[in-house]
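Visitor:
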Amino acid sequence: MRELGRIFSRRRLALGLILILLLNGFLFAREQVKNDYGLDVSLPAGGTIILNGEYSVTQETVDAGSAYRRYLQWIRRVRDMPAADAEAYLAGQEEALSSALFDSGEPAEGDGEARLDYVAVRNLLAQTEYLTGYGQWLENIQRNKENLLTFSIFSDPKSFSGRNILKTAEEFEKLRGVELTLGADGAVESFMSFRLTDYFLLLALLLVALSFLEERKAGLWSVVHAAPNGRLRLAIRRTLILLGTSVVGVLLLCGTDLALGFSLYGGVGDLDRAVQSVEALGRLPMLTTVGGFLIRFLLLRVAAAFLVSLLLWLMLTAINNVKYTVIVAAGVLAVEYSLYTFLPVQSAFNILKYFNLFTYISLSDLYTNYLNIDIFTYPLGIRSISQLALVPLCLLLTAICVYVHCRKKPAAGRDLLGRVAYRLNSVTDRLLRRLHLMGMELHKTLWIQKGVVIAALLVYVVLGLNYTVSIPIMSSAEQAARQYTAQFAGEITEGTFDRMDAEQAELDAVIAARDQAQADFDNGLIEYPLLDKYSREAAAAQTKSEGLSTVRARAQELRRRGAAEGFTPWLVDETPFESVYGAYAQANQQRAALVAVLALTLLLAGSMAYERQSGMTYLLRSTARGRGALILRKLLLAAAMTTLVWAAVYGMEVYTLLSEFDIPASAPAKNLSMLTEFPLNCPVALWLALLYAYRWLSLFCCAVMVLFLSDCARRLEAATVAASAAMLIPSVLYAYMDIGVFRPLSVVLPVAAMPLCLDAKGAVTGAALAAAALLAAASAAAACLFARAGGTQARDFLPGKAPQGFSGK
Amino acid sequence: MKLELLDLTKRYGNFTALDHVNITFTEGIYGILGANGAGKSTMMNLLTDNIPRTEGQILFDGTDILKLGRDFRRVLGYMPQQQGCYEQMTAQTFLSYMADLKAIPKKQAREEIERLLEVTNLSDARHKKLGGYSGGMKQRVLLAQALLGDPKVVILDEPTAGLDPKERIRIRSFISSLSRGRIILLATHIVSDIESISDQIFMMKKGRVVGMDRPDRLIERVAQEVRESVVPGHFSLEDVYLYYLGE
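Chains as they are written, first to last, in this note's numbering: chain S, -10 to 798; chain V, 1256 to 1502.
1) Just how far apart, CA to CA, sit residue 361 of chain S and residue 371 of chain S?
2) Output yes or no for whether 8 angstroms exceeds the beta carbon distance between residue 1309 of chain V and residue 1333 of chain V.
3) Within the segment 68 to 93 of chain S, note down every full alpha helix (DSSP H) run reaching 4 residues or more, in order along the chain.
4) Please list, in chain order, the chain S residues whose beta carbon lies closer than 8 angstroms to that of residue 1339 of chain V.
5) Chain S beta carbons: is any one of them nearer than 8 angstroms to that of residue 1319 of chain V?
6) Starting from residue 1273 of chain V, find everything on chain S with Cβ-Cβ shorter than 7 angstroms and list it in chain order.
7) Are residue 561 of chain S and residue 660 of chain S touching if we call contact CB-CB under 8 angstroms?
8) Grouping DSSP H, G and I as helix and E and B as strand, with all else coil, what is residue 1280 of chain V?
9) Candidates S:693, S:265 and S:712: which alpha carbon is nearest residue 772 of chain S's?
10) Determine, using beta carbons only, whether residue 614 of chain S comes closer than 8 angstroms to chain V.
11) Measuring straight from C-alpha to C-alpha, what distance separates residue 1409 of chain V and residue 1460 of chain V?
12) Find the nearest neighbour of residue 412 of chain S within the set V:1307, V:1493, V:1380 and V:1494, judged by alpha-carbon distance.
13) Using the Cα positions of residue 82 of chain S and residue 62 of chain S, report the straight-line distance between them to the nearest angstrom.
14) Between S:85, S:161, S:114 and S:253, which lies nearest to residue 26 of chain S when the distance is taken from Cα to Cα?
15) With distances taken between CB atoms, is the gap from residue 623 of chain S to residue 698 of chain S smaller than 8 angstroms?
16) Nearest chain V C-beta to residue 422 of chain S closer than 8 angstroms, yes or no?
17) What are the complete beta strand (DSSP E) segments, minimum 3 residues, inside the segment 1400 to 1425 of chain V?
18) Mind listing the chain V neighbours of residue 437 of chain S? Cutoff is C-beta to C-beta under 8 angstroms, in chain order.
19) Can you give the Cα-Cα distance for residue 532 of chain S and residue 472 of chain S, rounded to whole angstroms?
20) Determine whether the beta carbon atoms of residue 227 of chain S and residue 1351 of chain V lie at a separation below 8 angstroms.
21) Mind checking if residue 1285 of chain V is an interface residue toward chain S, Cβ cutoff 8 angstroms exclusive?
22) Going straight from the alpha carbon of residue 260 of chain S to that of residue 598 of chain S, what length do you get?
23) Residue 592 of chain S and residue 434 of chain S - do their beta-carbons sit closer together than 8 angstroms?
24) Could you name the residues of the segment 1300 to 1315 of chain V whose beta carbon sits closer than 7 angstroms to any beta carbon of chain S, in the order they occur along the chain?
25) Take residue 458 of chain S as the anchor and find which of S:443, S:565 and S:554 has the nearest alpha-carbon.
26) With 8 angstroms set as the bound, which would you pick, yes or no: does the beta-carbon of residue 36 of chain S sit closer than that to a beta-carbon of chain V?
27) Excluding five sequence neighbours on each side, which residues of the same chain lie with their C-beta closer than 7 angstroms to the C-beta of residue 232 of chain S?
28) Measuring straight from C-alpha to C-alpha, what distance separates residue 159 of chain S and residue 356 of chain S?
29) Applying a beta-carbon distance threshold of less than 7 angstroms, which residues of chain V neighbour residue 174 of chain S?
30) Can you confirm whether the segment 439 to 457 of chain S touches the segment 523 to 540 of chain S when touching is taken to mean that 3 or more C-beta pairs between the two stretches lie within less than 8 angstroms?
31) Helix or strand or just coil, what does DSSP make of residue 47 of chain S?
32) Quick one: Cα of residue 171 of chain S to Cα of residue 116 of chain S, how far?
33) Assuming contact is defined by CB atoms lying nearer than 8 angstroms, are residue 22 of chain S and residue 51 of chain S in contact in what I supplied?
34) For residue 73 of chain S, which residues from the same chain have a beta carbon less than 7 angstroms from its beta carbon, with the 5 sequence-adjacent residues on both sides left out?
35) What does the Cβ neighbour count give for residue 387 of chain S, buried or exposed, with the cut at 16 atoms within 10 Å?
36) List, from N- to C-terminal side, the alpha helix (DSSP H) runs of 4 residues or more that fit wholly inside the segment 1273 to 1351 of chain V.
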């Protein structure tokens, strides 16, 4: 019990496990929403949007949540029918809905509901087709057995192929006549397919196994090893802790998935149906119900988790040095994962793919796929072997783990890995001794404090960020206006208006032609189809004419404003700017800014706290360059990290802007609707440069404040938590919860910059005020850093931090 | 070269850690003896300007060290009592980094690091991370960094704590060899550390200097004062320590 208490009373571990649980639930729910609740919600008809003057076609979809509710209603309607009848009924419904929706061409009132029905019926039809086809699929397996054995290549019953066919047919033979029934299978399907739970469970087990190394880290291994209960009893206790963690971990993580799944997918449903009724489990040659399968699966999951935890423990205890242990464990996991993921099924080494740690981590694969592998021409089912081996392996590994724990000597000599590391260090030492202070600060941040991991994660996150949004087009006339803007884009001259006049004349001619056609039709000179053609052309021309009028009015307005304010009027296609910087893109802008601030905070939060945690403060301050010069390097480091984060986050934005759109760089910025009040008369290129420079400055100010917060903390963790909270919580509360009182404290606003200018049409008063406030805060923070480094702080001797030699009476 | 402490006082609230201390150090090795809490480390921290003084002055060649600032720190070598270091760095990298902080040119730093690693018997472990060092090895690395850059004022706070006897003698001899042209202050509560190498010893108790002289004279003086209770020929610095500092 004490060992259990010691392990789980560690705040970091407990917090980590709670976080894993919450994250798993959140990501599971998010995944379901992202995957449209397992439905195909697309419609056959495509919609069009305008982008940069060109039309593109997008797939039209319906709301997944509504479609799923409709799907449940349809299930209730057909679930009592025999599968074949249900299929026939649904096929008829689909045809009727399809012709009503898509044959007429014109949208009608009530189409929204019909579309939901259409999507629901189509998905349900696919499901019933699987149910009705299952018997045939089983028959085919048996028929294949007979047919294939007659071919010469497979006729040898002693070959792997022959034996495999026989074994497959034999295993599926028992499913013949199984009755499959329709049901809402989303919960079970999502439970079986959500891989992240496997990895969260692995992480939880790893955290617990790592906690067994605490005594080594604390230098207490020898003490524990020498204690009467420090060997066999402790090993048995730890084995039981791993078993308990496996049980609780599986119940909590898988239980969360199942509970959320049942709640999202319309309840527990009928668990007495044959397990093959769930399409994902159709290849499982086992006669059982859905409920029976779930219980069996959870029990196996516990055993597999226990096995994995034992393997992790063994890897971690096999090597004396804690650091190398972690490296080796990470290496083994990486190799195993690569083999499991990338080794082809047909490979001669596929045994390494299936007899793999990840077979037991991704356990659901064993039940959603049917596979026999060739072992000396005998087909062996992966699932059967893995299941059968589970308990013996657990017992064997328990014995090995206990043995290793008892026999491993804390004071054993230098190991091979230690010698390799020493050699590697000699190489890095040669490089590091060439570095100056700034280089060493970078080394400390990026390497020692694992900044490279943050940087890699930043790149990964940035690659997933959206920088553009589709601009909704409200009417055909607006669509036409955007098209004409793109067509007449450029400096506004008399020639521009001439071209518009010419275009207008063409449109007028089309409209006039329709009037003439109407007269001809009235006089019986033309037939209706021809009149109809003229009418449709005239309607299109009318719409275009409205769009052209809008563009003309805009051009005239720009010319007037240009003359009054002294800038060259340009007609600019604003779609790129609206798409990246406009009101619709604000969520993207804030998200990118939040990512940038978070990354910067994580990179720099440890910078000052690390010196304090290492106990180096006094030593540093006793050196010639350990005060002002060092703080200056820290500020330069902040600038370097700012540039790194800024380049990653906003470099990607600029790349997206330039690669997706043609930017009129030389057009005066004031021609853009969002910048009519911008105080400088400058081209778009300069405005963009100013915008990004402003963002860099804002980020740098944040970085300086993070350094200051880091200097206030004594430990890395405390510094990271404090800096993250101070820099991010107000921003999150303002940006995502819309709590206005946090707006002045939200650093994301000046980093994103555009939200401060958009409402004011480009006027920079808000941005200037925010910059002034940020600069003042950053200057104060920098001044404090210099002042504190200057020498002498009584706070270093507050209770609990008395220097050695001071009795503190 | 002269380092003067004039009426140096340090108070933490009502507690006086250092009470109007007046000492003048010239070239040589000075042992500062005192029990835990006597004010040794406070004095060291005041000398390195790591804590603010309450009263008094510290003059180096007649100028206050606060005024000298960086110029004083250029000639200062300091080894703190706590074994603070970057555990993820190797000894070689740590010393290179400290050399940079001390503004020592790269070439000179390289030579000095080689020499100091040799002297502190760490050459064979130079590429090992400090986190894997024993307490004694860390102590030696910290001593090596204190001596980087040929400092004129060397402040060593418990330099031999955690060292085995052989290393202790080795380090003591090395410190002794450094005394020419330097002021070396050696704070400790281990009498044998300073008995043989100090030119002068200061006894500290409750923030005050309660006795100071050459070791032999201190022994002689105390022996005369307590001669009736001491067996002739068996009187040592430890007895002086107990005489001044014992309760």
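For every residue, glycine included, the Cβ atom is placed at its ideal position computed from N, Cα and C.
Guide: Short version:
1) 6 angstroms
2) Result no, Cβ atoms of residue 1309 of chain V and residue 1333 of chain V do not sit closer than 8 angstroms.
3) 72 to 91
4) Ordered by position in chain S, the residues that pass the 8 angstroms Cβ test against residue 1339 of chain V are 603, 604, 605, 606, 607 and 608.
5) no
6) Result: empty, since nearest Cβ-Cβ is about 10 angstroms, beyond 7 angstroms.
7) yes
8) strand
9) S:693
10) Yes, because at least one Cβ of chain V sits closer than 8 angstroms to the Cβ of residue 614 of chain S.
11) 22 angstroms
12) V:1380
13) Near 14 angstroms, if we compare the C-alpha coordinates of residue 62 of chain S and residue 82 of chain S.
14) S:253
15) Result no, Cβ atoms of residue 623 of chain S and residue 698 of chain S do not sit closer than 8 angstroms.
16) Cβ-Cβ to chain V under 8 angstroms: yes for residue 422 of chain S.
17) 1408 to 1412
18) 1341, 1343 and 1344
19) 12 angstroms
20) no
21) Using a Cβ-Cβ cut-off of 8 angstroms, residue 1285 of chain V does not count as an interface residue toward chain S, since no Cβ of chain S sits closer than that to its own.
22) Whole-angstrom Cα-Cα distance: 55 angstroms.
23) yes
24) 1300, 1303, 1304, 1305, 1306 and 1307
25) S:565
26) Reliability of the predicted coordinates at residue 36 of chain S is poor, the pLDDT of 39 falling under 50, and no value is obtained from them.
27) 295
28) Going from the Cα of residue 159 of chain S to the Cα of residue 356 of chain S covers about 18 angstroms.
29) In chain order: nothing, as chain V lies at least about 51 angstroms away.
30) no
31) For residue 47 of chain S, the pLDDT reaches just 48, beneath the cut-off of 50, and the residue's location in the model is therefore unreliable, although a value from the coordinates is still provided. If DSSP states are grouped into helix, strand and coil, residue 47 of chain S belongs with the strands.
32) 8 angstroms
33) no
34) If we look at residue 73 of chain S and ignore the five residues flanking it on each side, its Cβ neighbours are 121.
35) buried
36) Complete alpha helix (DSSP H) runs here, min 4: 1295 to 1302, 1320 to 1323 and 1325 to 1329.
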